[in-house]
Amino acid sequence: MPELPDIVVLVASMNEALPGKEISNISVHQSKVLNRPITTFRKEMLGRTFRSFSQRGKWVISELDTGSMLAFNLGMGGELRLHWPPMVPDPKRERVVFSFNDGSQLWVHFWWFGHVHLLKSGELSSHPQIGTLGIEPLSDKFTEEKLVEMFEGKRGRIKSYLLDQRFIAGIGNVYIQDILWHAKLHPNRQAKTLLVEDVKRLHHAIQHVLREGIKQGPGPGEQDVWGNRGQWGKQPGWPQIAYRTGKSCPTCQTLIDEIRVGSTTSFLCPRCQV
Ligand SMILES: [Zn+2]
Numbered sequence: 001m002p003e004l005p006d007i008v009v010l011v012a013s014m015n016e017a018l019p020g021k022e023i024s025n026i027s028v029h030q031s032k033v034l035n036r037p038i039t040t041f042r043k044e045m046l047g048r049t050f051r052s053f054s055q056r057g058k059w060v061i062s063e064l065d066t067g068s069m070l071a072f073n074l075g076m077g078g079e080l081r082l083h084w085p086p087m088v089p090d091p092k093r094e095r096v097v098f099s100f101n102d103g104s105q106l107w108v109h110f111w112w113f114g115h116v117h118l119l120k121s122g123e124l125s126s127h128p129q130i131g132t133l134g135i136e137p138l139s140d141k142f143t144e145e146k147l148v149e150m151f152e153g154k155r156g157r158i159k160s161y162l163l164d165q166r167f168i169a170g171i172g173n174v175y176i177q178d179i180l181w182h183a184k185l186h187p188n189r190q191a192k193t194l195l196v197e198d199v200k201r202l203h204h205a206i207q208h209v210l211r212e213g214i215k216q217g218p219g220p221g222e223q224d225v226w227g228n229r230g231q232w233g234k235q236p237g238w239p240q241i242a243y244r245t246g247k248s249c250p251t252c253q254t255l256i257d258e259i260r261v262g263s264t265t266s267f268l269c270p271r272c273q274v
């Protein structure tokens, strides 16, 4: 599932490729991905142009020339890809296809579940998922003090908080691995045992790993709107710990371990992370 860095990379490519393209046709092959009836959706979208794209949590938010917004959530294994003739979409695979007046098409593929939600201006904050998203970890509001405050009174496992989209938006089970390693925190560590220094280290690790992810991105299995893939696993040092079971910890050479934490897998250095 794409996480914040992957969405930032995708959005940057969409901002280069798509603004100004006029939607001349729409094919919907799976109506449940929409939040409106197909006829209403088509009527609202035909003739519209994409103005710009932005990232919010794991969502791509596009602004249309009418001021309405189209919010995409790719779920697991989803893709947003720009194609040109003679490529022809497979209706069984592509859930929604936007055709543009220049002949190109935006193919929306979801493997597991995904959303293409049309929102009128002002409806973003009341959207059941987008409206409840937590703080953006690369925003100015996300300071060390803010994170200390957010963990006050919290008792559960830190990994559960970091993956909770209502707590912090955009982190998933890929980037969290290196975040916890950089922070020297065990994924099972209880929030109530965190000292201020731990939270400050965690804050730094979150921003460092997400920024590095954007620079190297997108992450494993992800691609931008043209289909370009990132540097994940192609060069030493990226990632440091995720999916590297049995390799050495870059800091202490202890073998990287893999454990279950709740319903998720965690990769960790059993010596560095406490
Ligand atoms: Zn180590």
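Numbering (the numbering used here), first residue to last: 1 to 274. Glycine included, every Cβ here is placed at the ideal spot set by N, Cα and C.
First and last residue of the uninterrupted alpha helix (DSSP H) at residue 208: By 1-based counting over the sequence shown, the position of residue 208 is 208. Run containing residue 208: 196 to 216, per the alpha helix (DSSP H) assignment.
Close Cβ partners of residue 166 (< 8 angstroms) along its chain, the five nearest in sequence each way excluded: As a working mapping, residue 166 is identified with position 166 in the sequence shown. 132, 133, 134, listed in sequence order.
Start and end residues, alpha helix (DSSP H) containing residue 9: Mapped onto the sequence shown, residue 9 falls at position 9. Looking at the DSSP string, the run of the alpha helix (DSSP H) that includes residue 9 is 4 to 17.
One or two residues paired with residue 83 in a DSSP bridge: For the purposes of this step, residue 83 is taken as the residue at position 83 of the sequence shown. Partner(s): 105.
Residue 100 (DSSP reduced to helix, strand or coil): By 1-based counting over the sequence shown, the position of residue 100 is 100. Strand at residue 100.
Residue 182 - containing alpha helix (DSSP H), residue span: Position 182 of the sequence shown, counted from the first residue, corresponds to residue 182. Run containing residue 182: 175 to 182, per the alpha helix (DSSP H) assignment.
Simplified DSSP assignment, three categories, for residue 60: Your numbering for residue 60 matches position 60 in the sequence shown. In this structure, residue 60 counts as strand in the three-state DSSP scheme.
Residue range of the alpha helix (DSSP H) that includes residue 46: Taking the first residue of the sequence shown as position 1, residue 46 is located at position 46. That residue, residue 46, is in no alpha helix (DSSP H); it is neither H nor E in DSSP.
Cβ pair residue 41, residue 60 closer than 8 angstroms: As a first step, residue 41 must be located in the sequence shown, where it is residue number 41. As a first step, residue 60 must be located in the sequence shown, where it is residue number 60. In this structure, residue 60 does not lie closer than 8 angstroms to residue 41 by Cβ.
Residue 271 CB to nearest heavy atom of ligand 1 below 7 angstroms: Within the sequence shown, numbered from 1, the residue matching residue 271 stands at position 271. True, at least one ligand heavy atom lies under 7 angstroms from that Cβ.
Between the CA atoms of residue 186 and residue 180 - distance to the nearest angstrom: In the sequence shown, counting from the first residue as 1, residue 180 sits at position 180. In the sequence shown, counting from the first residue as 1, residue 186 sits at position 186. Looking at the two C-alpha atoms, the distance is approximately 7 angstroms.
Residue 107 classed as buried or exposed, judged by whether at least 16 other C-beta atoms fall within 10 angstroms: Taking the first residue of the sequence shown as 1, we reach residue 107 at position 107. When all chains shown are included, residue 107 counts as buried.
From 254, 104, 117, 243, residue whose alpha carbon lies closest to that of residue 32: Against the sequence shown, residue 32 aligns to sequence position 32. Measuring from the Cα of residue 32, the nearest candidate turns out to be 117.
Residue 251 CB to nearest heavy atom of ligand 1 below 7 angstroms: Translated into positions along the sequence shown, residue 251 becomes position 251. Residue 251: yes, Cβ under 7 angstroms from ligand 1.
Pair within 8 angstroms by beta-carbon distance, residue 148 and residue 225: Here the question's residue 148 lines up with position 148 in the sequence shown. Here the question's residue 225 lines up with position 225 in the sequence shown. No, they are not a contact pair.
Distance, residue 88 Cα to residue 124 Cα: Here the question's residue 124 lines up with position 124 in the sequence shown. Here the question's residue 88 lines up with position 88 in the sequence shown. Their backbone Cα atoms lie some 33 angstroms apart in a straight line.
Proximity test, residue 245 beta-carbon vs ligand 1 heavy atom, cut-off 7 angstroms: For the purposes of this step, residue 245 is identified with residue 245 of the sequence shown, where counting begins at 1. No, Cβ of residue 245 sits at least 7 angstroms from all heavy atoms of ligand 1.
Assigned secondary structure, residue 88 (DSSP; H/G/I helix, E/B strand, else coil): The residue you call residue 88 lines up with position 88 of the sequence shown. Coil.
Those residues which DSSP pairs with residue 157 across a bridge: Along the sequence shown, one-based indexing puts residue 157 at 157. For residue 157, which the question treats as bridged, DSSP gives the partners 190.
Residue 129 to residue 267 span [Cα, whole Å]: By 1-based counting over the sequence shown, the position of residue 129 is 129. By 1-based counting over the sequence shown, the position of residue 267 is 267. Using only the alpha carbons, I get a separation of about 28 angstroms.
Close-in-space but distant-in-sequence residues of the same chain around residue 159 (CB under 6 angstroms, 5 per side omitted): As a working note, residue 159 is residue 159 in the sequence shown. Cβ contact annotation for residue 159 (same chain, cutoff 6 angstroms, sequence separation greater than five): 187, 261, in chain order.
Cα-Cα separation between residue 238 and residue 16, rounded to whole angstroms: Locating residue 238 in the sequence shown gives position 238, counting from the first residue. Locating residue 16 in the sequence shown gives position 16, counting from the first residue. The straight-line gap separating the alpha-carbon atoms of residue 238 and residue 16 is approximately 26 angstroms.
Per-residue burial, residue 277 [other beta carbons within 10 Å of its own, 16 or more giving buried]: As shown, the chain starts at 1 and ends at 274. That puts residue 277 outside it, with no answer to give.
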